[in-house]
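Student: Going by the numbering used here, the first residue of the sequence shown is number 15, and it counts up by one from there.
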Amino acid sequence: MPPRILIADDQPDVLEALRLLLKGEGYQFHTTTSTAQVLAALEKHEFDVLLIDLNYTRDTTSGQEGLDLLSRIKALDPMLPVVVMTAWGSVDLAVEAMRRGARDFVQKPWENARLLAILRTQIELAQSLRKGERLEAENQLLRREDEGPQLIAHSEAMQPVLDMIKHVGPANANVLVLGENGTGKEVVARLLHASSDRASKPMITVNASALSEGVFESELFGHVKGAFTDAKTDRVGRFELADDATLFLDEIVHVPVHLQPKLLRVLQTGEFEPVGSSKTRRVDVRVISATNADLNGEVAAGRFRQDLLFRLNTVEINLPPLRERGRDIPLLAEHFLRQHAARYRKALSEFDQAAVEILMAHPWPGNVRELDHVVERAVLLARAGVVQATDLGLRPEREASARRLDEMNLEDVERLLIQKALARFGGNVNQAAEALGLSRSALYRRIQKYEL
Ligand SMILES: Nc1ncnc2c1ncn2[C@@H]1O[C@H](COP(=O)(O)OP(=O)(O)OP(=O)(O)O)[C@@H](O)[C@H]1O
Ligand SMILES: [Mg+2]
Numbered sequence: 015m016p017p018r019i020l021i022a023d024d025q026p027d028v029l030e031a032l033r034l035l036l037k038g039e040g041y042q043f044h045t046t047t048s049t050a051q052v053l054a055a056l057e058k059h060e061f062d063v064l065l066i067d068l069n070y071t072r073d074t075t076s077g078q079e080g081l082d083l084l085s086r087i088k089a090l091d092p093m094l095p096v097v098v099m100t101a102w103g104s105v106d107l108a109v110e111a112m113r114r115g116a117r118d119f120v121q122k123p124w125e126n127a128r129l130l131a132i133l134r135t136q137i138e139l140a141q142s143l144r145k146g147e148r149l150e151a152e153n154q155l156l157r158r159e160d161e162g163p164q165l166i167a168h169s170e171a172m173q174p175v176l177d178m179i180k181h182v183g184p185a186n187a188n189v190l191v192l193g194e195n196g197t198g199k200e201v202v203a204r205l206l207h208a209s210s211d212r213a214s215k216p217m218i219t220v221n222a223s224a225l226s227e228g229v230f231e232s233e234l235f236g237h238v239k240g241a242f243t244d245a246k247t248d249r250v251g252r253f254e255l256a257d258d259a260t261l262f263l264d265e266i267v268h269v270p271v272h273l274q275p276k277l278l279r280v281l282q283t284g285e286f287e288p289v290g291s292s293k294t295r296r297v298d299v300r301v302i303s304a305t306n307a308d309l310n311g312e313v314a315a316g317r318f319r320q321d322l323l324f325r326l327n328t329v330e331i332n333l334p335p336l337r338e339r340g341r342d343i344p345l346l347a348e349h350f351l352r353q354h355a356a357r358y359r360k361a362l363s364e365f366d367q368a369a370v371e372i373l374m375a376h377p378w379p380g381n382v383r384e385l386d387h388v389v390e391r392a393v394l395l396a397r398a399g400v401v402q403a404t405d406l407g408l409r410p411e412r413e414a415s416a417r418r419l420d421e422m423n424l425e426d427v428e429r430l431l432i433q434k435a436l437a438r439f440g441g442n443v444n445q446a447a448e449a450l451g452l453s454r455s456a457l458y459r460r461i462q463k464y465e466l
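#1: Please classify GLN9: does DSSP put it in a helix, a strand, or coil?
#2: Can you tell me the Cβ-Cβ gap for ALA203 and PHE262, rounded? I've got them flagged as a contact below 8 Å.
#3: Just how far apart, CA to CA, sit GLN282 and PHE242?
#4: Between LYS434 and ligand 2, is the CB less than 6 Å from at least one heavy atom?
#5: For a test of the three-state rule: what should DSSP assign to PHE43, helix, strand or coil?
#6: Is TYR458 buried or exposed, if buried means 16 or more other CB atoms sit within 10 Å of its CB?
#7: Please determine whether the Cβ atom of THR197 lies at a distance below 6 Å from any heavy atom of ligand 1.
#8: Any contact of the region 216–226 with the region 397–407, i.e. 3+ C-beta pairs under 8 Å?
#9: Residues in the same chain with beta-carbon distance under 8 Å from LYS37, minus the five sequence neighbours each way, listed in chain order, please.
#10: What residue ranges within the region 306–386 form continuous alpha helix (DSSP H) runs of no fewer than 4 residues, ordered along the chain?
#11: Are the beta-carbon atoms of LEU382 and LEU322 separated by less than 7 Å?
#12: Report the start-end ranges of each alpha helix (DSSP H) in the region 73–98 that is 4 residues or longer and not cut off at the edges.
#13: Return yes when the C-beta of ASN332 is under 6 Å from any heavy atom of ligand 1, and no when it is not.
#14: Comparing the CB of ALA208 with every heavy atom of ligand 1, is any distance shorter than 6 Å?
#15: Any idea if ASN423 is buried or exposed, counting beta-carbon neighbours within 10 angstroms, 16 or more meaning buried?
#16: Restricting to Cα atoms, I'd like to know which of ARG113, THR305, SER85, TRP124 is closest to GLY103.
#17: Tell me whether GLU194 counts as near ligand 2, meaning its Cβ is closer than 6 Å to at least one heavy atom of that ligand.
#18: Based on DSSP bridge pairs, tell me the residues matched to ASP264.
#19: Is GLU200 close to ligand 2? I mean its beta-carbon at under 6 Å from any heavy atom of the ligand.
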């Protein structure tokens with residue numbers, strides 16, 4: 015049977031060119047010029063592969079229409095392979111499309127041989143997947159995820175962290191995990207829980223920065239029916255859910271000041287009352303908390319209770335920033351490469367030497383999470399069996415900033431230095447101010463001035 019393809023593009027000349035190309039290859043094709051037509055065609059016919067443009071309205075280039083279409087196609091049939099067409103140079107859009115489930119992309123103007131190869135690969139892959147042949151890589155990935163949280167840490171700087179996890183993991187002590195954005199605080203929390211005798215129950219997580227003041231208390235402690243207007247039924251709070259298990263209080267610095275005494279009490283005695291109830295509950299909860307803020311500074315400023323801090327930080331684990339874990343950078347990069355290559359079904363096994371050098375030289379203000387995203391993007395872009403330096407989208411740092419400096423005025427430079435200092439200290443104004451030789455208020459004035 016000839017392969018059946020659905021092509022979608024609003025430009026007639028593009029459709030015509032594709033028609034000529036694919037007819038010669040024996041494809042049976044169906045052309046559409048709008049997202050509505052694509053969805054209608056999917057209702058009526060079966061296809062082996064879809065080749066879709068990302069823009070359907072004249073003069074739009076955002077790709078949003080195509081991305082929305084992609085999500086709807088994926089909702090209809092997650093197995094259907096979709097290849098997207100993007101304008102030359104719109105790499106970020108291609109990456110976003112791949113994250114949303116596109117199997118591959120071609121940039122316009124396309125190379126015929128490459129386009130045909132991509133379509134053929136996707137049709138074959140989809141056929142074998144439909145037959146239930148899970149790719150080995152995919153199986154391996156699933157297996158790895160089953161094994162629980164993974165912490166890659168071979169560098170000198172991470173040894174104290176590993177020691178701490180080993181020693182306090184099994185203990186019941188409360189642990190405060192500190193570190194910049196993306197350093198792995200949550201991974202450490204999961205490991206601590208997994209190595210404790212509470213591990214048979216799930217770890218319960220509360221992100222304090224995501225809760226508005228109004229729902230905070232009820233979220234943590236629950237409420238009884240009628241406690242406030244919207245309380246139509248009783249609600250169990252996170253402390254109760256975490257009974258005999260672990261509660262991970264993320265972004266702890268955002269706990270509202272007026273609730274800090276109630277939190278302190280449950281930490282001291284295990285006792286609390288749900289909102290609107292006078293009946294005291296007792297729980298046995300181990301609390302692991304995390305923040306990238308300077309809690310001592312917050313205590314000094316009167317925004318965080320010192321007695322609460324002393325309860326939370328029975329043990330403190332400090333995660334060093336990625337730039338201080340040199341040896342771990344290539345190991346983490348390879349770990350993410352394996353994960354993303356399996357997820358996107360790309361046969362990539364390593365980085366070339368130039369790519370490794372760039373990874374090592376980059377300052378990683380977003381730490382491990384940034385590395386994860388950079389590698390994901392590189393996996394999506396890489397063509398050969400190895401990831402090359404250009405796939406990373408990182409410029410060699412020194413060169414880049416030197417070039418930029420030549421084009422900057424004094425204010426630009428000041429702004430850049432402040433940005434860098436804030437990134438380096440994970441947004442901690444006190445530490446950034448000290449490093450810049452400014453007072454806290456002088457730094458705040460500049461943050462406002464530059465809208466940082
Ligand atoms: N040492 C590591 N080994 C393997 N993966 C890691 C490691 N550290 C972090 N990661 C991964 O990096 C990402 C960020 O980690 P995590 O969410 O734990 O950071 P975080 O410190 O909680 O960040 P944030 O401050 O932004 O909340 C996650 O996907 C995590 O799995
Ligand atoms: Mg986190």
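Glycine included, C-beta positions come from ideal geometry on N, C-alpha and C.
Tutor: Working from what's here:
#1: In the structure displayed, the chain extends from 15 to 466; residue 9 sits before or after that span and is not available.
#2: With a Cβ gap of about 5 Å, ALA203 and PHE262 count as contacting.
#3: Each residue's Cα considered, the two are about 27 Å apart.
#4: At a cut-off of 6 Å, the beta-carbon of LYS434 does not count as near ligand 2: no heavy atom of the ligand is closer than that.
#5: Residue state for PHE43 is assigned as strand, using DSSP reduced to three classes.
#6: If you draw a 10 Å sphere on the C-beta of TYR458, you find fewer than 16 other C-beta atoms in it, and that means exposed.
#7: THR197: yes, Cβ under 6 Å from ligand 1.
#8: With the cut-off at 8 Å, the region 216–226 and the region 397–407 do not touch.
#9: Answer for LYS37: PHE43, listed in chain order.
#10: Runs of the alpha helix (DSSP H) inside the region 306–386: 309–314, 320–326, 342–357, 367–375.
#11: Note on identity: in this sequence residue 382 is Val, with Leu being the wrong assignment. Taking C-beta atoms as the reference points, VAL382 and LEU322 fail to come closer than 7 Å.
#12: Taken in chain order, the complete alpha helix (DSSP H) segments of 4 or more residues contained in the region 73–98 are 78–90.
#13: No, ligand 1 has no heavy atom inside 6 Å of this Cβ.
#14: Checking the Cβ of ALA208 against ligand 1 gives no.
#15: Taking every protein chain shown into account, the CB of ASN423 has fewer than 16 other CB atoms within 10 angstroms, so this residue is exposed.
#16: Of the residues ARG113, THR305, SER85, TRP124, the one whose Cα lies closest to the Cα of GLY103 is TRP124.
#17: For ligand 2, not one heavy atom lies less than 6 Å from the Cβ of GLU194.
#18: Per DSSP, ASN221.
#19: The closest heavy atom of ligand 2 lies less than 6 Å from the beta carbon of GLU200.
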